[in-house]
Each structure stands twice: as C-alpha cells, then as structure tokens.
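Numbering (mature numbering (1 follows the signal peptide of the UniProt record, and there is no 0)) for the sequence shown: -18 to -1, 1 to 388. Ideal Cβ positions, reconstructed from N, Cα and C, are used throughout, including at glycine. Source: prediction; values computed, not measured. For reference, the structure discussed in these notes is given below.
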Amino acid sequence: MGILFFFILLISFGLSTSNQCSIGGASADFKNIFDTSRGVIFSRTTNNLQGIESYAFSQQLNYGPYFSLTLVDSHFTIETTDAFEYYEENETLLSVAITATFSCLNGPSEFFMLIITITDTNNNAPQFLPSDEFHYTVPTPFPAGLTITGCFDGITVRDIDLTTQRIDFEIEENPYFEIVYDEKSSTTKREFVGILRSTTFIRTLLEPITLKITATDVDLTGDPPLTAVATVTFKGETTFTLPEDPVFSHPFYFANYTMDHQVILLEPISLQSGFHKLVNFTLHGDFSDNFELVVTGDQVTIQNRIPLETYILRETQIILVIRADREETTGDRATIILQLPEGISLQFEQPNYRGTIKNNILQIAVLSLLQGYEGEVVNTEVLGEHSQFFTTRFWLKISKYENQVL
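What follows is the structure in structure tokens.
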C-alpha cells in the first residue's frame, strides 16, 4: 500500500513538473519480469539529465543488489546483476521498488521510481534435505497410526520457487507406512515437512524395508509440476520382537474325497510367512473329527481318520477350517472345501412293471434295482391312487436289492 501511494504521488509530481528534466516523460513506472529474466529489463530516453546521484531498493531484501542502473548519454537502463541468478534462493518478495535520484543540467534533482513485479515460473524442482536418503529405526511392536518420524526429524523438502504453496508427498505402495504433508511443522519459508505414519500394527520387521518417496511441488505458476525422488529405509528394533504372525499361502484350499476314503489336496497347505516349530495347526468344522492333520516340514496334509457316513456322502461338499496359532500372535485361518464323490442314482431294471391280483394276492415280477444301491440304505414307498393297500419289503440277492410290492 505504501509503495502504491508513493507511486501515485510521484506520477502526480511528474505530471505537474516541467519536461525540461525527465525520464521518458514520467516519474514512475511499472515493469513485469520473469524470475528467469536476465540482462536489460528497463530502458528509457531521458531529457537534460546529468547523472545518477543515488538509488535504493525500497523493500528490505536479504541480499543484493539484484539490479544495476546506468545513464549513458541520454539513455537510462536497468539490468539484472549476477546476484539475480540467486534471487529465488535468497528472497521471497514478488515485487521490488527502485527509487533513483538524478542530477539535472538545469534545475533541481529529478526523482524516479520503478516497481518491478516478478512472475514466478516453476524452474526449480523440490530438493530433499539434507540428502535424498533417510533411515529410521522402528521400535517393534509398533501401533497403527503413530508418527514414525517423531517431532523434530520429519522429512524436509525445500522448493525455492516464489509461489510454491505446498508439497504433495507419496510413498511406494506398502502395507506398513504412509507419508503426508504436515503444514503445522512447515514453519520455515520454502521448506515443507512430510511425516511418516504407520498404517497398521507392525509386529516385527525382520529385514530392513527400503521404499521410494516422491515430493511434487504445488504452486501458482500454471507450469507442469516437478517431482523429486528419495528413498527411506525402515529397520526394526530387535531388542524385543514378537514372533511373526503365521499366514497361510492361500485363503482357500480345495480337496477331493474319494470313494475309498482318501483325501486328495489339489495343492499342499502351507504358510507363506511365520512358519515355526511352535506353530500349532488345528482343524475345525462339523466333520473335523473324521480327519486328522499331518505336518511335514512347512506343509500340512489331511488324512481320513473315520470314514464319512453314507448320509454325509449325499452332500456335494463339506467345509473344514484349518487354523495356525502360536503364542503372542493373532494366528491365521484358511478354508478347506472338500468335494465329495458324486453318488450313482437309483434305477430299476425296467421302467414299467405289470401285475395282477387274484384272490387278493398280488402277482408281479420282482422289482430289482439296476444301480445306485451299493453301500446305500434304500428307502422306497408306493405312490398312487390305491397306494394305501400296498407295502414293500427288501432283500439282498446276488449283490442286488430286490424290491417286492406285497
């Protein structure tokens, strides 16, 4: 506000004075440049100026000078100095005001102000500090949702572009950690802090984990964003560790149950992690007592202990659950789908039978079953309009059930 007010006063003063001593007919001007501009940024023809008495930057700058002023003959120029190469590194201002006093050939001194606005471009990529490699020790067991980086050692990224608003952090996909931008901790200008948090309960880290993290700038330039890459390595604190959770290789296992009461697994049951001699495997389900587990090394098979009864075999399949447990772990479970053999449907030798009744005695051929009776308890009934007058009985003859209606 102060610069603008002074600028208006200078314009008013310049318009009310004589043009005998002037800089292009005005006492103030605006100039827009880019942060990548170099060399002459302003040039005017003057009248009756003898020389530059003094000049100053009206804004408080950390370093500089970033611009030099020259008057040669009647030509006034302002150009960048070598220091302007590092303007974004050292400064945060988006505008700089230069006031200059000139001696005139005739009359009092002449004043001139130039307000330079600097348009930001995304010409600087984010930079991890102090390096692009980070190392953290995780004291396991470690709860979910807690900060790994602590209060004072977050991951810091510096981006010197003038209009950078924040940094978007990302971490390589993993089951343990996430990284987010922490605005509250980003109190130093141009520096942006990311914090690492656990996303799940970490029981133990047996081996170091190295992950890639990225930092992408978000600014007001409208230019494509720039991204920096770093690595972060997590190492588990081994002073006290909990045993690794047993985890099955698959959530489902499939097996066939044969007519001779064998169990054939399509794939051996095994653990993808957490195998140890102290892991205990147990079987659960309505028919778990009919089976037993056999553990060989890191693989588990199933054997039939008690043959399944006939009524069970009429089902298509049965479901069993296997658990793997160890003290100080949550354990794991998997489902075993046991496919039962397909039964053979009952079939009479003939589709139709004819008989007669004489003297209240039924005369009809024996109704014999052709298939489906082996190992089965066969139940039959007589259906029809006069079924209440008839009953059935069975007997086994030459490995066949013969069914006679009496």
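A straight-line Cα-Cα distance of about 14 angstroms links S168 and I142.
Exposed is the label assigned to A38, since fewer than 16 other Cβ atoms lie within 10 Å of its Cβ. When Cβ pairs closer than 8 angstroms are counted between the two stretches, the stretch 224 to 231 is seen not to touch the stretch 169 to 176, the count staying below three. Buried is the label assigned to M95, since at least 16 other Cβ atoms lie within 10 Å of its Cβ. Partner residues in a beta bridge of F66, as assigned by DSSP, do not exist. The way I'd put it, the stretch 244 to 257 doesn't touch the stretch 333 to 352; fewer than three beta-carbon pairs between them come closer than 8 angstroms. 8 angstroms or more divides the Cβ of L265 from the Cβ of P123.
About 17 angstroms separates the beta carbon of L295 from that of I318, a gap too long to meet the 8 angstroms contact definition. Here the alpha carbons of Q321 and A237 stand approximately 6 angstroms from one another.
By the C-beta criterion, the stretch 29 to 37 is judged not to be in contact with the stretch 108 to 117, since fewer than 3 inter-stretch pairs fall below 8 angstroms. Taken in chain order, the unbroken stretches of beta strand (DSSP E) that lie wholly in the stretch 39 to 110 and span 3 residues or more are 49 to 54, 57 to 62, 77 to 86, 92 to 101. Exclusion of the five residues before and after P323 leaves M241 as the residues of its chain whose Cβ lies within less than 6 angstroms of its Cβ. Measuring C-alpha to C-alpha distances from N286 to each of V261, Q244, F263 identifies Q244 as the nearest. Secondary structure at Y293: helix, using DSSP grouped into helix, strand and coil. Under the 10 Å beta carbon count, I339 is surrounded by fewer than 16 other beta carbons and is classified as exposed.
Rounded to the nearest whole angstrom, the C-alpha separation of Q281 and N272 is 20 angstroms. T209 is bridged by DSSP to T198. By alpha-carbon distance to T311, the top candidate from L344, T278, F257 is F257. In the structure shown, the three-state DSSP call for N272 is helix. In the structure shown, F124 falls within a strand segment according to DSSP collapsed to helix, strand and coil.
Looking from the CA of N44, the closest CA among T101, E71, T62 belongs to E71. Closest by C-alpha distance to R305, out of N14, T99, E152, S270, is S270. Between D205 and N104, the gap from beta carbon to beta carbon is short of 8 angstroms. The beta carbon of Q299 is closer than 8 angstroms to those of I319, L320, Q321, L322 in its chain, skipping five residues each way along the sequence. Per DSSP, I177 is one residue of the beta strand (DSSP E) stretching across 173 to 180.
Here V200 is not near P190, since their CB atoms are 8 angstroms or more apart.
With a beta-carbon spacing of about 6 angstroms, Y158 and I184 fall inside the 8 angstroms limit used to define contacts. Linking D55 to D17 through their CA atoms gives a straight-line distance of about 30 angstroms. The beta-carbon distance between A210 and Q109, rounded to whole angstroms, is 6 angstroms. This is short enough to meet the 8 angstroms contact definition. For Q281, the enclosing beta strand (DSSP E) stretches over residues 281 to 286. Using a Cβ distance threshold of 8 angstroms, T99 and N156 do not count as a contacting pair. Just so you know, the alpha carbons of S91 and Q42 end up roughly 25 angstroms apart. Ranked by Cα distance from L187, the first of I153, T119, Y239 is T119.
Following the DSSP letters along the chain, one finds E155 in no beta strand (DSSP E), marked with neither H nor E.
Within the same chain, Cβ atoms closer than 8 angstroms to the Cβ of Y68 are found at Y45, the five residues on either side in sequence being excluded.
In this chain, E165 is not harboured by any beta strand (DSSP E), its DSSP state being neither H nor E.
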